[in-house]
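Residue numbering for the sequence shown follows the UniProt record's numbering, beginning at 1 and increasing consecutively. From the three backbone atoms N, C-alpha and C, an ideal C-beta is built for every residue, glycine too.
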Amino acid sequence: MEALRKRLAPPPSGARSAAAAAAAAAAAAAAAAAAAEDSHLGGGFEHSNGPSSGGGGGGGGYLSGPEFVAADEVFKTRLALLRREEDALKEEAERLERDKLKQIRCLKLAREEDASRFGRWPVLPDRPGPEGRPRYVLMNLLGKGGFSEVFKAYDLAEARQVCVKIHALTPGWAAAKKESYVRHAIREYDIHRSLRHPAVVALLDVLEIDTDTFATVLECCEGGDLDSLMREQKTLPEREARCLMAQIFSGLRYLAGRRVIHYDLKPANILFDGLGQAKITDFGLSKMVGEGCTQAGIELTSQGAGTYWYLPPEAFETGGPAPPRISNKLDVWSAGVIFYSLLYGRKPYGESMSQEQMLRERVMAVQREPDFPARPAVSAEAKDFIRRCLAWHQDNRPDVEAAATDPYLTGVQPTQQQQQSQQQQASQQTGAAGRGGAGGSGSGHSSGAVMSIGAMLARR
1 MEALRKRLAP PPSGARSAAA AAAAAAAAAA AAAAAAEDSH LGGGFEHSNG PSSGGGGGGG
61 GYLSGPEFVA ADEVFKTRLA LLRREEDALK EEAERLERDK LKQIRCLKLA REEDASRFGR
121 WPVLPDRPGP EGRPRYVLMN LLGKGGFSEV FKAYDLAEAR QVCVKIHALT PGWAAAKKES
181 YVRHAIREYD IHRSLRHPAV VALLDVLEID TDTFATVLEC CEGGDLDSLM REQKTLPERE
241 ARCLMAQIFS GLRYLAGRRV IHYDLKPANI LFDGLGQAKI TDFGLSKMVG EGCTQAGIEL
301 TSQGAGTYWY LPPEAFETGG PAPPRISNKL DVWSAGVIFY SLLYGRKPYG ESMSQEQMLR
361 ERVMAVQREP DFPARPAVSA EAKDFIRRCL AWHQDNRPDV EAAATDPYLT GVQPTQQQQQ
421 SQQQQASQQT GAAGRGGAGG SGSGHSSGAV MSIGAMLARR
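Right, dumping it as structure tokens:
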């Protein structure tokens, strides 16, 4: 019993103080460990109304109000820096992708040049036979189409660089197909030979190579084409795009005065000379408008031809009692598509679709206005000009003359007297074109026989 009483008796006061101190120390250690663990695990910031305990660092993860604001600014600055770095990396990736595609195109051209009959720097004479003298030195292949190859060349007689487009008929073709091809080439030649304008690629010469091959010699445009520029740049600033469109419409205005509808206006058919002047080329699908033709235009008898992304709704009309009619308003639509693509980096209709998909899904059968993205920023005047060029019904679309003299492109509001003068000049130009312009498209071949290339050359 005595032992039991000793065990139940309260400890001395000194012992009690020591035990209390030990318990307090253990509790403090546990709290500090918990705070450290919370800070290590990324727990949320807390702040007190006064200075933080422990001073100089927040005491185990706790920040005062000013310290929290400073830390928040640091994180925001770092986030902005990371976003800029991410944007720079995306731009670099896009640039590398463009460079890769450019290199792939160069390698493809190199392979095609190696396989070409004219890929070993031959010299073309000015005429076939022993009397011909060396004239054009073919240098490197610039492009290849279905039935033609385009070479950069040097003109020995004129001491200048030119482009030589070689047209080859496949020997196995039937006589009717050969005749159709040559007739088509003659029509292109007849249209192109009379055109002389700073915004139109000049046709300089045409020569026979053999019975199945002939070449057209064109002005050399060292600045490449608009299609390549758009692949590299993606978009152009509005000011630059407007300047480019003014040059294109200058060429279209000249063509309209010569009664020519280009019909296949697209970035690949816009070339640049060494000074950056835009020039329209490739008149293989062009149409001649007869003298006295009304505003309604001419019948379109070659539906299915052309590049669908740049053709207006009237080019796709089918099932009517008569073929659809077209005018130079068709070229205005094509120019509007080009302008939209320059500003936004994509086509207004049929983007990411093949031509077969566009036909199958009847993309151009449903009337709608083009969609204008919020970015990049484009002026309201530019959008209005594009809307006018892409008016769904051609009756509501300006013709080439009206579009080329639009105040948005010229920057000048014409007076009534200037408008009358422009109309008189256009009328005089049209009359001159009707009297002395390009000739017919299919005359000059013997009945029942394939028209020879020599017969075409005799028309020079």
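### Task
Tell me, please, whether the stretch 259-276 touches the stretch 209-228 by the rule of three or more beta-carbon pairs shorter than 8 Å.
As far as the Cβ criterion goes, the stretch 259-276 touches the stretch 209-228, which means the pair count is three or higher.
### Message
Which same chain residues end up closer than 8 Å to P370 when comparing Cβ atoms and leaving out the 5 residues on each side of it in sequence?
### Response
Answer for P370: Y340, P348, Y349, I386, R387, L390, listed in chain order.
### Query
Are I186 and S286 closer than 8 Å when you measure CB to CB?
No. Outside cutoff.
### Nearest neighbour of V137, chosen from L204, A305, P130, R120 [CA to CA]
The option with the nearest alpha carbon to V137 is R120.
### Task
Go ahead and label C106 buried or exposed: buried means 16 or more other beta carbons lie within 10 angstroms of its beta carbon, across all protein chains shown.
By the neighbour-count rule (16 or more Cβ atoms within 10 Å), C106 is not buried but exposed.
### Classification of G336 by the beta-carbon crowding that lies within 10 angstroms, buried from 16 upward
It counts as buried.
### Task
Output the distance between the C-alpha atoms of E179 and K90, rounded to the nearest integer angstrom.
Between the alpha carbons of E179 and K90 lies a gap of roughly 53 Å.
### Message
Give the list of continuous alpha helix (DSSP H) stretches no shorter than 4 residues that lie fully inside the stretch 161-202.
### Response
For the stretch 161-202, whole alpha helix (DSSP H) runs of length 4 or above, ordered along the chain, are 175-192.
#### Entry: Contact belief for G274 with H197 at Cβ below 8 Å, rounded distance in angstroms
At roughly 18 Å, the Cβ-Cβ gap does not stay under 8 Å, so G274 and H197 are not in contact.
### Message
Let me confirm a value: G145 is counted as buried when at least 16 other C-beta atoms fall within 10 Å, else exposed. Which label applies?
### Response
Of the other Cβ atoms in all chains shown, fewer than 16 fall within 10 Å of the Cβ of G145; this residue is therefore exposed.
### Task
Report the rounded CA-to-CA distance for P312 versus L244, giving the unit in angstroms.
Going by C-alpha positions, P312 is about 21 Å away from L244.
### Message
Using the three-state DSSP reduction, which class does V400 fall into: helix, strand or coil?
### Response
Note: V400 maps to helix in three-state DSSP.
### Message
For E149, list the residues DSSP reports as bridge partners.
### Response
Looking at the DSSP assignment, E149 forms a beta bridge with K144, I166.
#### Entry: Pair within 8 Å by beta-carbon distance, L124 and A215
Cβ atoms of L124 and A215: closer than 8 Å.
### Query
How about I163 and L142: do their beta carbons lie closer than 8 Å?
Going by the sequence as given, residue 163 is Cys instead of Ile. The answer is yes: Cβ separation under 8 Å.
#### Entry: Reference G132; option with closest CA among W392, E232, E208, D331
It is E208 whose Cα lies nearest to the Cα of G132.
### Task
Could you please give me the residues that DSSP links to Y254 through a beta bridge?
According to DSSP, which records beta bridges pairwise, Y254 is partnered with nothing at all.
#### Entry: Boundaries (first-last residue) of the alpha helix (DSSP H) holding A278
Here A278 belongs to no alpha helix (DSSP H); instead the beta strand (DSSP E) covers 278-280.
### Query
Cα separation between H393 and G290?
Taking the straight line joining both Cα atoms gives about 23 Å.
### Query
Short check: CB of A168 to CB of F151, under 8 Å?
Cβ distance not < 8 Å, so A168 and F151 don't count as in contact.
### Message
Less than 8 Å between C-beta atoms, sequence neighbours within five positions excluded: which residues of the same chain meet that for A278?
### Response
Cβ neighbours of A278 beyond the five flanking positions: A199, L226, L244, Q247, I248, G251, I270, L271, F272.
### Range of the contiguous alpha helix (DSSP H) that encloses A380
For A380, the uninterrupted alpha helix (DSSP H) run begins and ends at 380-389, by DSSP.
### Query
Does any CB atom of chain D fall closer than 8 Å to the CB of R84?
No chain D is present in this structure, which holds just one protein chain.
#### Entry: R259 (DSSP reduced to helix, strand or coil)
Coil, per DSSP.
### Query
In angstroms, rounded to a whole number, what distance separates the CA positions of K177 and D210?
Separation of K177 and D210 (C-alpha to C-alpha, rounded to the nearest whole angstrom) is 18 Å.
### Message
Which residue wins for smallest C-alpha separation from K329, given the options Q357, S64, K165, N396?
### Response
Nearest Cα to K329 within the set Q357, S64, K165, N396: N396.
### Query
Counting along the chain, where does the beta strand (DSSP E) carrying F214 start and finish?
Under the DSSP assignment, F214 falls in the beta strand (DSSP E) whose first and last residues are 213-219.
### Presumed contact (8 Å Cβ cut-off) between S379 and E238, rounded CB distance
S379 to E238, Cβ: 6 Å. Contact.
### Message
DSSP three-state label for P376, please.
### Response
Three-state result, P376: coil.
### Query
Could you give the C-beta distance for E299 and P323, rounded to a whole number, given that I count them as a contact under 8 Å?
Yes, E299 and P323 are in contact; Cβ-Cβ is about 5 Å, under 8 Å.
### Query
So what does R325 bridge to, in DSSP terms?
R325 pairs with E299.
### Message
If you measure between the beta carbons of Y308 and S334, is that distance less than 8 Å?
### Response
Cβ atoms of Y308 and S334: not closer than 8 Å.
### Query
Apart from the five residues on each side of it in sequence, which residues of its chain come closer than 8 Å, Cβ to Cβ, to E365?
With the sequence shown as reference, residue 365 is identified as Ala, and Glu is not the correct amino acid for it. If the five residues before and after A365 are omitted, its C-beta is found closer than 8 Å to the C-beta atoms of P313, F316, all from its own chain and listed in chain order.
### Task
Determine the contact status of L343 and T410, defining contact as a CB-CB distance below 8 Å.
Using a Cβ distance threshold of 8 Å, L343 and T410 do not count as a contacting pair.
### Message
Between which residues of its own chain and residue 462 is the CB-CB distance below 7 Å, once the five residues before and five after are set aside?
### Response
What is shown of the chain runs 1 to 460, which leaves residue 462 out entirely.
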